[in-house]
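Chains as they are written, first to last, in the numbering used here: chain C, 1 to 353; chain L, 354 to 751; chain H, 752 to 836. All C-beta atoms in this analysis are idealised placements derived from N, C-alpha and C, irrespective of residue type, glycine included. Computed from a predicted model, the values in this text were never measured in an experiment.
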Amino acid sequence: MAIYIQSISQISIQEPLCDNWFESPIYHRQRYVSSIEPNYKQYINPMSSRRMGRILKRAVTTSLNVLQGRKGNEIDAIITATGLGCIENTEKFLYSMLENNETLLTPTYFIQSTHNTISSQIALELKCNNYNSTYVHRGISFESALFDAFLQFKLNKITNALVGAHDEMTKDMFTLYDKIGYWKKGDICVETLRKSETLGSFSGEVAVSSFLSNEKNEDSICSLAGMNILHKPTKEKLEETLKRLLEENNLTLSDIDAVLVGHSGDKENDEVYSKTKENLFNDIPFVWYKHLFGESFSMSGLGFYVGATCLKKNIIPKHLVFDSPKEILNPKHILIYNHFQNSEHSFILLSKC
Amino acid sequence: MNDILVTAMGILTGLGLGKDETLQSLINQNSAIGELKHLNTIHSSLPVSEVRLSDKDMLSLLNYNPQNPLTRTTLLGMLALREALEQAKIDKDTPKRIAFISGTTVGGMEKNEEFYLEFFQNNSKDEYISLHDCAASTQDIADYFGGFDFITTISTACSSAANAIILGANLIKAGYVDIAVVGGTECLSKFHLNGFNTLMILDKEACKPFDKNRQGLNLGEGAAYIVLEGMESAKERGVEPICKLSGYANTCDAFHQTASSPDGQGAFLSMKRALEDSGLSAEDIDYINAHGTGTDNNDSSEASAIKRVFGENPPYVSSTKSFTGHTTSAAGSVESVISILALKNNFIPANLNFKTPMEDVDLVPAQRTIQLPNIKHIMTNSFGFGGNDSSCIFSKII
Amino acid sequence: MEDLILELKKEIIEVLNLEEITPEDIDSNAPLFGEGLGLDSIDALELIVLLEKNYGIKLENAAQGKEIFKSVSVMAEYIKNNRKK
Numbered sequence: 001m002a003i004y005i006q007s008i009s010q011i012s013i014q015e016p017l018c019d020n021w022f023e024s025p026i027y028h029r030q031r032y033v034s035s036i037e038p039n040y041k042q043y044i045n046p047m048s049s050r051r052m053g054r055i056l057k058r059a060v061t062t063s064l065n066v067l068q069g070r071k072g073n074e075i076d077a078i079i080t081a082t083g084l085g086c087i088e089n090t091e092k093f094l095y096s097m098l099e100n101n102e103t104l105l106t107p108t109y110f111i112q113s114t115h116n117t118i119s120s121q122i123a124l125e126l127k128c129n130n131y132n133s134t135y136v137h138r139g140i141s142f143e144s145a146l147f148d149a150f151l152q153f154k155l156n157k158i159t160n161a162l163v164g165a166h167d168e169m170t171k172d173m174f175t176l177y178d179k180i181g182y183w184k185k186g187d188i189c190v191e192t193l194r195k196s197e198t199l200g201s202f203s204g205e206v207a208v209s210s211f212l213s214n215e216k217n218e219d220s221i222c223s224l225a226g227m228n229i230l231h232k233p234t235k236e237k238l239e240e241t242l243k244r245l246l247e248e249n250n251l252t253l254s255d256i257d258a259v260l261v262g263h264s265g266d267k268e269n270d271e272v273y274s275k276t277k278e279n280l281f282n283d284i285p286f287v288w289y290k291h292l293f294g295e296s297f298s299m300s301g302l303g304f305y306v307g308a309t310c311l312k313k314n315i316i317p318k319h320l321v322f323d324s325p326k327e328i329l330n331p332k333h334i335l336i337y338n339h340f341q342n343s344e345h346s347f348i349l350l351s352k353c
Numbered sequence: 354m355n356d357i358l359v360t361a362m363g364i365l366t367g368l369g370l371g372k373d374e375t376l377q378s379l380i381n382q383n384s385a386i387g388e389l390k391h392l393n394t395i396h397s398s399l400p401v402s403e404v405r406l407s408d409k410d411m412l413s414l415l416n417y418n419p420q421n422p423l424t425r426t427t428l429l430g431m432l433a434l435r436e437a438l439e440q441a442k443i444d445k446d447t448p449k450r451i452a453f454i455s456g457t458t459v460g461g462m463e464k465n466e467e468f469y470l471e472f473f474q475n476n477s478k479d480e481y482i483s484l485h486d487c488a489a490s491t492q493d494i495a496d497y498f499g500g501f502d503f504i505t506t507i508s509t510a511c512s513s514a515a516n517a518i519i520l521g522a523n524l525i526k527a528g529y530v531d532i533a534v535v536g537g538t539e540c541l542s543k544f545h546l547n548g549f550n551t552l553m554i555l556d557k558e559a560c561k562p563f564d565k566n567r568q569g570l571n572l573g574e575g576a577a578y579i580v581l582e583g584m585e586s587a588k589e590r591g592v593e594p595i596c597k598l599s600g601y602a603n604t605c606d607a608f609h610q611t612a613s614s615p616d617g618q619g620a621f622l623s624m625k626r627a628l629e630d631s632g633l634s635a636e637d638i639d640y641i642n643a644h645g646t647g648t649d650n651n652d653s654s655e656a657s658a659i660k661r662v663f664g665e666n667p668p669y670v671s672s673t674k675s676f677t678g679h680t681t682s683a684a685g686s687v688e689s690v691i692s693i694l695a696l697k698n699n700f701i702p703a704n705l706n707f708k709t710p711m712e713d714v715d716l717v718p719a720q721r722t723i724q725l726p727n728i729k730h731i732m733t734n735s736f737g738f739g740g741n742d743s744s745c746i747f748s749k750i751i
Numbered sequence: 752m753e754d755l756i757l758e759l760k761k762e763i764i765e766v767l768n769l770e771e772i773t774p775e776d777i778d779s780n781a782p783l784f785g786e787g788l789g790l791d792s793i794d795a796l797e798l799i800v801l802l803e804k805n806y807g808i809k810l811e812n813a814a815q816g817k818e819i820f821k822s823v824s825v826m827a828e829y830i831k832n833n834r835k836k
């Protein structure tokens, strides 16, 4: 049972709804970077969009963009990942509640604040009555959402799925995470992020929607060949899981063209990748993306998008290759390896189809 | 065989700590809905179902002195989970692949709202900053017990815990884990108490699900977890199954962010597809533990959907939110545990406070505890904001 | 009364975030809900808060809104007769 990525779309701190970042990435210097917003009017009517915060507009737009006219009930599952949910509306309701001592509160901010608002808004726009769920587990939110779809494909419960990752960052939430060491001090530059000598990264935002199907056609970008997620694995467990994943696809490590990792510039985060490179990956080139897209809980959704895009274009450009200034031509298999605070670890195998 | 067995359960709500206290309260028709005592809010006259344990009490019961602070959501979850893991004979050395999936929406908001302004004024409460999100409770609960191979958090409002059950079952069926510990936890917070208040769906008295004069819901807090296990694993470990999870479904109403469609399309599909998944027919279901919040909209919508699926002679229906209040993200597992207790002890829990039937849909719930020998199959519904609708069917093992 | 109707239209546009709409676009006698402007149950709740915040009128339950919010004219009439601010 194969699973194919049919289409995938993003709005982020790179140019939205296109692959221009692939040739001409923007290198941000600020610690706090908000998404570049497209014109939403062509996707969302004003009576719907009046209630939507930015995160919802991005989610609906990338979803519509990726579905290319498919009707609601033709989609078997809509599964969404978000680390912080609709934090802008959460803050608005919270502030209002605290400032007005629980009086004269209005409902809109509350109802648009729950984490599942994103997934259900998409279903509402599409009028899709099928499976719908939302995963909120920090750095493994996207993998959890993808895994849910993956399992249902394996069990023949679904033939296609819309899987997305959506996260926003407000100024206040940025300030709070700054207090607990999430962000670098001072300006950002790629070399500082690459060297990871200090704690922290820089803040980006995520909106990725991907349409997956069990049927291959001329639109198919690549296949989701396998995946797994582990909680606090030992070194041996990690190795064993990777080996099994490769064996299931009749592959060995030498078939992997690149490992796409969540190297972010944060010393503690990146040490785990260095160690795993020594233990597991040896000479396989590392590829990274957070230097372009920033850090956010569901940022691995953009990693997924980057991996798929490289396979689509048959090249990994040199600005993505971590340990050498050379591009990688005609990649066939990209392994996405992500971890969150060395507690949750995931593998996603993408293969040319 | 591909059966998904339930081999253990744990629960903590306003009805009490543990299955025994919960069962006694249900049979004796003792509701937990009463005065709001712990939460510091101007809306303290609103009836709620609070867990009658302070955070300090819970830490004491756990015999735990953590280095870092824990949220109330986490503590509720720990106590409920402890009961389940002890019954299942699972500890951190159990040589099986075990998943832990927890549903929550409030997460650490109850601490967040207390300290929020302080976060920006000084550093004294910084250790609470990372606890605000949904994952914090799942992570802290998992770290406390140890031994899990996969953990994650679901947030689909009032169907979160039901969806945790569904993911757990799928993980086992697909062969990724042997055991899935699934459910949800939620504590009361000013944030969602006020949120529901702005929607004008809170009853100023004890809720009356399915009653013509119902005025809304009462919020509750609590946690419940179920241990799901494949047959082989249960046999190898020598644990007796309680019942099996025979079917489930997740659908979306896709009508409105907070209101359910009048004909209950999402609810209808959820129940219908759960039946299809189980291979059972509508006539096989002996009891429906309804979502039954007591709101004008839900109860009409759900009742319509029940008639559409089950016809003019539906099975017994009751909403035990008249006992526990609406435990929101935990409701799916709280009510599954209650339903399974009913299944094993052969009774239908009462739908308290019902007096007058609705006029728009002809559905009269069970108004008192009813002894029903030979209950075989029970369905439980959880319908959340955003139209996230899920249904699970539990069956006796014959 | 005309002043109140205009003021109300502006407040409705602001509170419900009707970005593309001006007071001139709103017919004072057209239904606000269902057809006409096409507002929904959440908008009704927002208007209930508006009544309290701006005019000191507190409604006890959402159902009361159905009659009061039939149109801008009906709403203005109700406010004129019941306002405390």
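By the CB criterion at 8 Å, residue 570 of chain L and residue 646 of chain L fall inside the cutoff. A check of alpha carbon separations from residue 72 of chain C across C/85, C/93, C/352, C/131 identifies C/131 as the nearest. Against chain H, the beta carbon of residue 97 of chain C has no neighbour under 7 Å; the closest one sits roughly 13 Å away. Buried is the label assigned to residue 511 of chain L, since at least 16 other Cβ atoms lie within 10 Å of its Cβ. The C-beta distance from residue 536 of chain L to residue 599 of chain L rounds to 18 Å, too long to fall under 8 Å, and the pair is not in contact. In the three-state reduction of the DSSP assignment, residue 774 of chain H falls in the helix class. In terms of Cβ geometry, residue 312 of chain C and residue 299 of chain C do not form a close pair [threshold 8 Å].
Scanning its chain for C-beta atoms nearer than 7 Å, with the 5 sequence neighbours on each side dropped, one finds around residue 630 of chain L the residues 600, 601, 602, in chain order.
For the pair residue 742 of chain L and residue 523 of chain L, the Cα-to-Cα distance works out to about 17 Å. The Cβ atoms of residue 539 of chain L and residue 683 of chain L sit closer than 8 Å to each other. Straight through space, the alpha carbons of residue 572 of chain L and residue 798 of chain H are spaced by roughly 25 Å.
Around residue 331 of chain C, no beta-carbon contact reaches into chain H at under 9 Å, the shortest distance being about 45 Å.
Here residue 2 of chain C is near residue 214 of chain C, since their CB atoms are less than 8 Å apart. At a cut-off of 8 Å between C-beta atoms, residue 692 of chain L does not count as an interface residue with respect to chain C. According to DSSP, residue pairing for residue 646 of chain L in a beta bridge does not occur. Boundaries of the alpha helix (DSSP H) harbouring residue 426 of chain L: 425-441, taken from the DSSP string. If you check each beta-carbon in the segment 538-554 of chain L against every beta-carbon of chain H, the ones closer than 9 Å belong to 551, 552, 553, 554.
For residue 578 of chain L, the enclosing beta strand (DSSP E) has its first and last residue at 575-583.
Setting aside the 5 residues that flank it on each side, residue 382 of chain L is surrounded in the same chain by 703, 705, 721, 722, each with a C-beta closer than 7 Å to its C-beta; the list follows chain order. Burial is judged here by how many other beta carbons sit within 10 angstroms of a residue's own beta carbon; residue 695 of chain L has at least 16 and is buried.
Among the residues of chain L, those whose CB is under 7 Å from the CB of residue 796 of chain H are 551, 552, 553, following chain order.
When 8 Å is used as the limit between beta carbons, residue 394 of chain L is near these residues of chain C: 102, in chain order.
Chain-order list of chain H residues neighbouring residue 47 of chain C: 789, by C-beta distance under 7 Å. Look at residue 609 of chain L: its C-beta is under 8 Å from a C-beta on chain H. Of all residues in the segment 153-183 of chain C, those with a C-beta nearer than 8 Å to a C-beta of chain L are 154, 155, 157, 172, 175, 176, 177, 179, 180, reading in chain order. Our two residues, residue 201 of chain C and residue 87 of chain C, have alpha carbons roughly 20 Å apart in a direct line. The three-state reading of DSSP puts residue 17 of chain C in coil, since its state is none of H, G, I, E or B.
Here residue 13 of chain C is buried: its Cβ has 16 or more other Cβ atoms, across all protein chains shown, within 10 Å. Distances from the alpha-carbon of residue 246 of chain C to those of C/271, C/281, C/62 put C/281 closest.
Any Cβ of chain H closer than 8 Å to the Cβ of residue 107 of chain C would place that residue at the interface, and such an atom is present. Residue 135 of chain C belongs to the set of residues whose beta carbon lies under 8 Å from a beta carbon in chain L. By the rule that beta-carbons nearer than 8 Å mark a contact, residue 5 of chain C does not touch chain H.
Annotated as proximal: residue 648 of chain L and residue 554 of chain L, with beta-carbon spacing under 8 Å.
Taken atom to atom, the span from the alpha-carbon of residue 823 of chain H to that of residue 36 of chain C is near 39 Å. Put simply, the segment 76-91 of chain C touches the segment 159-174 of chain C. At least three CB pairs are less than 8 Å apart. Residue range 596-605 is occupied by the beta strand (DSSP E) that includes residue 597 of chain L, with no alpha helix (DSSP H) assigned at that position.
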